[in-house]
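Engineer: Taking UniProt numbering, the leading residue of the sequence shown gets 1, the next gets one more, and so forth.
Glycine is no exception: its CB is placed at the ideal position from the N, C-alpha and C atoms.
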Amino acid sequence: MHAWVEAEVWAILKRWRVMPAYPYQAGFSRLSCAFCIFGNADQFATLKWMDANRFAKLVRYEKNFGCTLKRARGLDELSSEGTVYQAARSRPDLVAACLSDGALQTVLTEDWTHPAGAFGTGGGPV
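1) Provide the residue span of the alpha helix (DSSP H) that contains residue 12, from first to last.
2) Determine the DSSP secondary structure at residue 47, reduced to helix, strand or coil.
3) What did DSSP end up calling residue 58 once you bin it into helix, strand or coil?
4) Hey, could you find the ends of the alpha helix (DSSP H) residue 80 is sitting in?
5) Once you ignore the five residues that flank residue 24 on each side, which residues in its own chain have a CB closer than 6 Å to its CB?
6) Give me, in chain order, the residues of the same chain whose beta-carbon lies closer than 6 Å to that of residue 109; leave out the 5 immediate sequence neighbours on both sides.
7) For residue 70, which residues from the same chain have a beta carbon less than 8 Å from its beta carbon, with the 5 sequence-adjacent residues on both sides left out?
8) Beta-carbon separation of residue 81 and residue 56 under 8 Å?
9) Roughly how many angstroms separate the alpha carbons of residue 102 and residue 74, rounded to a whole number?
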């Protein structure tokens with residue numbers, strides 16, 4: 001699977017009716033830790049909007065430790081350069097699902113569509 005292009009990954013999920021993970025539906029184009037060091041400005045703007053308390057906690061850590069998650073700027077500055085994903089803004093149910101620690105009833109869906117985050121900017125240690 002690591003050698004597949006993104007279209008192949010979505011195709012196999014569609015073939016087997018596997019629901020895309022909630023963060024992909026909310027607009028995120030890559031998944032790892034929610035506040036991943038490889039996140040971009042839009043991801044951090046969206047996370048700040050979705051989970052302001054956790055975001056504020058990380059900003060406090062940056063100040064307390066005297067270093068930032070991103071080398072060039074702090075999370076407050078980075079998030080201010082981004083735009084909240086429209087898919088997240090328009091779907092409070094998805095935001096709640098992303099933040100929930102409850103178990104999913106099923107991962108299968110009859111209504112499969114590409115999620116808002118498909119074919120976006122991935123990022124990562126490339």
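Structural biologist: Let's see:
1) For the purposes of this step, residue 12 is identified with residue 12 of the sequence shown, where counting begins at 1. Run containing residue 12: 6 to 15, per the alpha helix (DSSP H) assignment.
2) Indexing the sequence shown from 1 puts residue 47 at position 47. Reduced to three states, the DSSP call for residue 47 is helix.
3) As a first step, residue 58 is located in the sequence shown; it is residue number 58 there, counting from the start. Correct three-state label for residue 58: helix.
4) Here residue 80 is taken as the residue at index 80 of the sequence shown, counted from 1. It spans 75 to 80 - the alpha helix (DSSP H) in which residue 80 sits, taken as one unbroken run.
5) On the sequence shown, residue 24 is found 24 positions in, with the first residue counted as 1. Correct list, in chain order: 115, 117.
6) Residue 109 sits at position 109 when you count from the first residue of the sequence shown. Cβ within range, chain order: 17, 19.
7) The count along the sequence shown starts at 1 and reaches residue 70 at position 70. Closer than 8 Å at the Cβ level, and outside the excluded window around residue 70, lie 37, 78.
8) In the sequence shown, residue 81 corresponds to position 81, counting from 1. In the sequence shown, residue 56 corresponds to position 56, counting from 1. No, the pair does not count as a contact, with Cβ atoms beyond the cut-off.
9) As a position in the sequence shown, residue 102 is number 102, starting the count at 1. As a position in the sequence shown, residue 74 is number 74, starting the count at 1. Computed Cα separation, rounded: 31 Å.
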